[in-house]
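For reference, the structure is listed below as structure tokens.
In the working numbering, the protein residues as written are 1 to 375.
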């Protein structure tokens, strides 16, 4: 087994990359690294593909080990740095427990193939010196493009605008905080394919975020529904949007759905206890919902009734707890009658089990098959 050709070893190790929770199976990959030198190289490549730090002293030590491992003065360090595609990190000004700004700069400089940055930051903005250094790094034509950004920052922080100025290549944007900072006067150059908003920004930032993406945006996730004063923006998105994800379904949500006449996917994290799923787009191929214990719907009849109104529906998905709902057998029967696949592995509310890559057909999932799209 250790003498397998390198390409076959890579394929084999990719099959054990994800654990059941769709996190990298670090323990298995570390064990594989002990098999032989060729296995070690392939395992380390996968171990360094996605780097995640938490907010505790143990992870500060882990951070220091990581910084040493990607030391650009050694060939091995340069190689390991080039393996990193995703970094999930918390940056603070001092960096006593979190990553310091200097360390963040070091990571960006020495991980030239970064595709996705997941960033929590507890400072108001980057100073001019830091911005100049980050501009120099991002201007290097030999680097890969950062395509995906998840950001948690202060409500009035302009850091999002600073980062989008540095990384106009971002196509998948996830803002996990409220955004009230006024947008810059310069027009946005990034064109988004996917936009996830945990809180809908005030009108000026919202308008700025959508300004250059009306023809490119295909996936939108609103954890909070936009107000009616933003309907003209939603209407502009309508003809192109393929996937809409909403926290809860109510009368406002029903009105929002009507703007998007060519949806292929509709995800509802919370069903209405009285409002039916009526007049959904006839183009829907995937309908997804959740049945959280803390907001369990008394009936799944709205979903069951909607199935017969959707001629192109291929998949209905829900979370595993839905299997315990008294209406689940009826839902299962209806899907069987229509030859529709029923999946019970939909992700929890604040956990993303998707890769930030373009979609051919929904639903999208984390998969080693997406590695080639994130290189």
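Yeah, the Cβ is synthetic: ideal placement off N, Cα and C, and Gly gets one too. As the structure is a computational prediction, the values presented were derived from the model and not from experiment.
Based on Cα-Cα distance, which residue from 36, 35 and 25 lies nearest to residue 49? Checked all of 36, 35 and 25; the closest Cα to residue 49 is 25.
>> To test your reading of the DSSP string, which unbroken alpha helix (DSSP H) runs of 4 or more residues are found completely within the region 300–345?
In response: Segments of the alpha helix (DSSP H) lying fully in the region 300–345: 301–307 and 328–337.
inquiry  = If I measure Cβ to Cβ from residue 69 and keep anything under 7 Å in the same chain, skipping five residues before and after, which residues do I get?
reply    = Answer for residue 69: 77 and 80, listed in chain order.
- Query: Between residue 302 and residue 200, what straight-line distance do the alpha-carbon atoms span, to the nearest angstrom?
  - Reply: Inter-residue distance for residue 302 and residue 200 is about 27 Å (C-alpha atoms, whole angstroms).
- prompt: Three or more C-beta pairs closer than 8 Å, one from the region 160–179 and one from the region 126–135: is that the case here?
  reply: At 8 Å Cβ cutoff, the stretches touch.
Q) Beta-carbon separation of residue 304 and residue 330 under 8 Å? A) Yes, the pair counts as a contact, with Cβ atoms nearer than the cut-off.
When 249, 263 and 221 are compared against residue 239, the one with the closest alpha-carbon | Residue 263 is the option with its Cα nearest to residue 239.
**Asked** Nearest CA to the CA of residue 261: which residue from 14, 236 and 251?
**Response** Minimum Cα distance to residue 261 is reached at 236.
- Message: Quick check on residue 215: buried or exposed, where buried means 16 or more other Cβ atoms within 10 Å of its Cβ?
- Response: By the neighbour-count criterion, in which a residue is buried when 16 or more other Cβ atoms sit within 10 angstroms of its Cβ, residue 215 is exposed.
| said: Between which two residues does the beta strand (DSSP E) holding residue 289 run? | reply: Taken as a continuous stretch (DSSP letters only), the beta strand (DSSP E) holding residue 289 covers 286–289.
**Item:** Sequence ranges, beta strand (DSSP E) only - wholly within the region 5–60, length at least 3
**Value:** Whole beta strand (DSSP E) segments, 3+ residues: 50–52.
**Request:** Please specify which runs of the alpha helix (DSSP H), each continuous and at least 4 residues long, are wholly inside the region 237–282, giving them in chain order.
**Result:** The qualifying runs are 251–257.
Q: Answer yes or no: do residue 168 and residue 125 have a C-beta to C-beta separation smaller than 8 Å?
A: Result no, Cβ atoms of residue 168 and residue 125 do not sit closer than 8 Å.
Where residue 355 and residue 227 are concerned, what is the direct C-alpha to C-alpha distance, given to the nearest angstrom?
-> As the crow flies, the alpha-carbon of residue 355 is around 29 Å from that of residue 227.
- Query: Relative to the ligand FMN, is the shortest distance from any of its heavy atoms to the C-beta of residue 158 smaller than 7 Å?
  - Reply: Looking at this structure, you won't find the ligand FMN or any other ligand, since it has none at all.
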